[in-house]
Amino acid sequence: MEKKMRFGIKSKIIIGYLIVIICLFIAFIVLNSQISSLQKERNFIIDHDIEVHDLTNRIEKHLLDMETGQRGYIITGEASYLEPYNSAASSWEKDYNALYQLLNNNPRQQEKLEEIKKSIQGWIEAAGEPTIALKKENNTKELQQFFEKDLGRQYMDDMRSQFSSFRNVEKKSTETRATELDEKNQKIKIGLYGLLLFVTLISLVIAIVLSNSIVNTIKEVTQTIKRITALKGELKGRIKVRSNDEIKDLGLATNALLENIEERNWLQTNIAHAVTMYQGIASVDKLAEKFLFTVSEMTGASFGVFYVREENDKGNLFVKQAAFADRKGEAGRESFLIGEGLIGQAALEKRTFVINDVPDTYQLITSGLGDVKPNSIFIVPVLFEDEVIAVIELASLHEFTVLEQELISQVIETFGLTINGVIRRMEIARLLKESQAMTEELQAQSEELQTQSEELQMQSEELRMINEQLEERTKDAEEKSFELEAAKEDLEEKAHQLELNSQYKSEFLANMSHELRTPLNSILILSEMLEENAAKTLSEDEEEYARIIHSSGKDLLALINDILDLSKVESGKLDVLLAEMNMSELPDQIERNFSHVAEQKKVQLEINKAQDVPDIIHTDEKRFQQIVKNLLSNAFKFTESGSVTVSIQRVADHRLTTAMRTVDTDCWLEISVADTGIGIPKEKHQLIFEAFQQADGATVRKYGGTGLGLSICSEFAKLLGGWISLSSEVGKGSTFTLYLPSLSNGLIDYEKVNFAYEEVAVSVEEAEPEPEAEVTEIDHPVQRVAPPVQDDENVFQDKRVLIVDDDQRNIFALKTALAKQGMTIMTAHNGIECLEMMETSEPFDLILMDIMMPQMDGYEAMQKIRGELKLVDLPIIALTAKAMKNDREKCLEAGASDYISKPLDLNQLFSVMRVWLVN
């Protein structure tokens, strides 16, 4: 039903005034229109009739001027009399045309004008022009004859008569218009009085309607209030207002007030009734039953349960004491703990719950005809001194109203006191019975107390002794706590010392590398030059000596590299550079690097690669190649006869362990190196993977080695996310297996890898491992990209090269080697001498710059050459024996064109120099 539009008293008054104003506005518009019409007609009479009379008089004047001019010229013969004649002859037609146009709406008058025009033209043609022409011809005789007949007089008389008739008609027309204007003006007056009367009547009607609407409604409200007052407390009557205005608002507010008073009366009556029914009840179950019955009757509830708090070992337990409309005791649970279920939550939060959307599985309300699902549930806790002592749950077929909820809430406010009083009375009755029984027992127990008091005295003495012992133990515990705190501080200090020792160790190894590589550089360069014997001055024995010196130097370099790699791994400073690696080229690389070794030792080399091995994997190719080379070197070193077999395959899915499956990888590879060598005892399997360890002393004496190779391989494998397992038997050979994941998504968690290794290690058949070989790694520095260079023998001829090094042995070796190539060599012992020589000497073609020098090192010298001397294009090759992490990047940032680590390989040095000299 559409809502009735509100029409207030203010709106009614405003609309009444608007109607009156609109009527006045319409009357003003009509009156103004009539007045405008009268004004237009008056103006027409004034302008039109006056213009007609004026034009008529002007035409008559023109005729009179023509007649006077004609007669004067004929009488005197002077031409001046013709001027008025000629002027009037040319003007009368203009006035005639204007008058004719002015009478467009009067055809009869236009016909009279046409007759006047014919008369004028007839006079001009018959009397005017002919007489003037005769006078000009001086024809007196004909003039006399003309005037004797006098035809012009007849024309003039006719024209006067016609003009007189024309004016009379116009006068009558003007009088007629004036009469019509007076009649119209009278009608306007009558209409104005009628309109004023109409507006007055409309205003009176509106005023009467509005006042009746307001007054009648107020009377109706007043009468209703009087009827309600006369009933003396009966508040059933209500005010009914049909209008939709402020009076209706007053009636609705009065009705709301009556409803509120009626609800309050009902509420107070029921509360008073509920309070009085508690009197005389001495048990909680009777009180609960009476309360449920009374509240259900007041609220129309169809089902109810009453729970009272009891304390036990589990805490506060609420037990059912009574139920309303119970069916064989099935109403609700027998008990619940606080916070258990919705009713327990109400007790916990001390909050009332009203649920109107009751689920279908809820307890049904039973009647004689069947079971009905309730529509509303009301759960309310009963408080006493801010503690929940009872919980009541009611269910109804209708939703509990706000008034019913308020009734229960107000009843509950004092009901807690009643419950507590009943419980206290029950407790007093129970205690009274118990006290009577205890009084009888006290007599019997009094004798026992005497005996127990003696026993308690003995126990108190024992407790005192125990307390003294506990105090001593507490002091001991405090002393031990202080000792533990001191031990903790000592451990922290030792941990700090270990960290410093690790730092000192790394720095020591770097300096040791520099000090060893510097003399080793001279040994390798000079021994290589002696081995070449370019001048043919050495005997074969001397050449062999040179080869042995050169080989020993390389072995020493490999040992230094092994120690540095192991140190980097242990300190966590070894970088792992993940990139794509082509596995399809691996068999060819192994064949190319170790086929000659197999031929020398007369051992068969077999390489097997499975079809399911992916062509591309992601790992650090340099470390991977180093692991494979070291394992193969070990296999060939300790195999005198038989074969060395390399197997490359993908780990099948059914072989993957649980830990291996958790690793984020594309696939797992298994690279095994099997030999038929001497084998390794079972008890040495773990030992050989430790640094500086081999199977036994005999192995060291027979095969050599430092015991670093397998240790470095094991650490590299862990860095790459994998591990190495061993299966060996003494006298039959060994199999080293590398398990490696493809790390397309980056490095993995080492803990997962370690766990996976432990799983695999349990399942691998144990065998005897073999002694390891040394790891040989040659650091090939990555050079800057340069275009291909042709092998030109004269590229070094007459080139000026500056060697900057503080070690005279290195200077001698480099100077000797470069001089043989036809180069001019200059030397400087530090950066300062280098800068002085570059400022005073001729330009150099290339600089070989050592890094570690006194006074000014190579970094600072290269920065000054590039910055202060502005020699941006001069090739500078950095030479260093420190070989630590990021040395190459630091050299290139300082201004070096390229980088080579010591000891130098002459072929490599000449190749790099050739590139930069040609460019």
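Heads up: the sequence shown begins at 1 in the UniProt record's numbering, then just goes up one per residue. We put the beta carbon where it would ideally sit given N, CA and C, even for glycine.
Hey, how far is the Cα of residue i from the Cα of residue j?
i	j	result
Ala127	Ala178	42 Å
Leu348	Val411	20 Å
Lys226	Asn32	56 Å
Asn608	Leu904	37 Å
Val603	Phe636	8 Å
Val221	Phe198	35 Å
Tyr899	Leu917	15 Å
Ile525	Ala535	16 Å
Lys815	Glu532	17 Å
Gly553	Pro519	10 Å
Leu530	Arg809	15 Å
Ser11	Tyr17	10 Å
Val205	Gly251	27 Å
Arg800	Ala896	18 Å
Gln279	Gly416	14 Å
Ser901	Thr880	5 Å
Glu262	Ala429	44 Å
For the candidate residues the options, whose alpha-carbon lies nearest to that of residue i?
i	options	result
Asp612	Pro519, Glu842 and Ala652	Ala652
Ser37	Pro587, Ala535, Ile188 and Thr254	Ile188
Ala878	Ser91, Thr451 and Gly858	Gly858
Phe28	Ile74, Leu18 and Leu196	Leu196
Arg866	Leu892, Thr880, Ser841 and Ile851	Leu892
Pro130	Leu710, Leu143, Leu407 and Lys118	Leu143
Glu385	Glu404, Gly421 and Leu287	Gly421
Val358	Leu342, Arg351, Gly746 and Met159	Leu342
Lys732	Gly721, Tyr739, Ile678 and Asn745	Ile678
Glu311	Ser335, Glu483 and Ile466	Ser335
Asn794	Glu485, Pro381, Glu78 and Arg914	Arg914
Gln268	Val644, Glu404 and Val388	Glu404
Glu804	Pro843, Ala817, Met862 and Glu842	Sequence check: residue 804 is Val here, not Glu. Here the closest residue by C-alpha is Met862.
Lys890	Ile13, Ile851, Gly746 and Leu632	Ile851
Ala390	Val380, Leu397, Ser213 and Ser396	Val380
Ser584	Gln649, Ser595 and Val295	Gln649
Asn630	Ala610, Asp666, Ser711 and Leu656	Ser711
Ile190	Leu470, Glu492, Val30 and Glu478	Val30
Name the one or two DSSP bridge partners that residue i has.
i	result
Leu317	Glu310 and Leu337
Met581	Ile617
Lys609	Ile648
Pro381	Val391
Glu670	Gln649 and Tyr739
Val804	Ala828 and Met849
Phe353	Ile379
Ala878	Met849 and Tyr899
Trp723	Tyr739
Ala323	Val305
If you drop the 5 nearest sequence neighbours on each side, which residues of the same chain put their C-beta closer than 8 Å to that of residue i?
i	result
Val52	Leu99, Leu102, Leu103 and Glu170
Ala819	Ile825
Glu839	Leu869
Once the 5 residues before and after residue i are set aside, which same chain residues still bring their CB inside 6 Å of it?
i	result
Ile549	Ser527
Gly72	Tyr81
Phe378	Val354, Leu394 and Phe400
His829	Asp806
Ala287	Reading off the sequence, residue 287 comes out as Leu, not Ala. Answer for Leu287: Ile281 and Val422, listed in chain order.
Near residue i, which residues of its chain fall below 7 Å by C-beta distance, leaving aside the five closest residues on each side in sequence?
i	result
Gln797	Gly822
Phe163	Thr56, Glu60 and Ile116
For residue i, is the beta carbon positioned less than 8 Å from some heavy atom of the ligand GDP?
i	result
Phe796	This structure simply doesn't include the ligand GDP, nor any ligand for that matter.
Can you find at least 3 beta carbon pairs, one from the segment 711–719 and one from the segment 624–632, that sit closer than 8 Å?
yes
Determine, using beta-carbon pairs with one atom in the segment 300–317 and one in the segment 431–443, whether at least three such pairs fall under 8 Å.
no
Is the segment 148–167 close to the segment 78–95, with three or more CB pairs under 8 Å?
no
Segment contact, 8 Å Cβ cut-off, at least three pairs: the segment 86–95 with the segment 131–142:
no
Do three or more CB pairs link the segment 271–283 to the segment 305–312 at distances below 8 Å?
no
Does the structure place the segment 595–602 close enough to the segment 724–743 that three or more beta carbon pairs sit under 8 Å?
No contact exists between the segment 724–743 and the segment 595–602.
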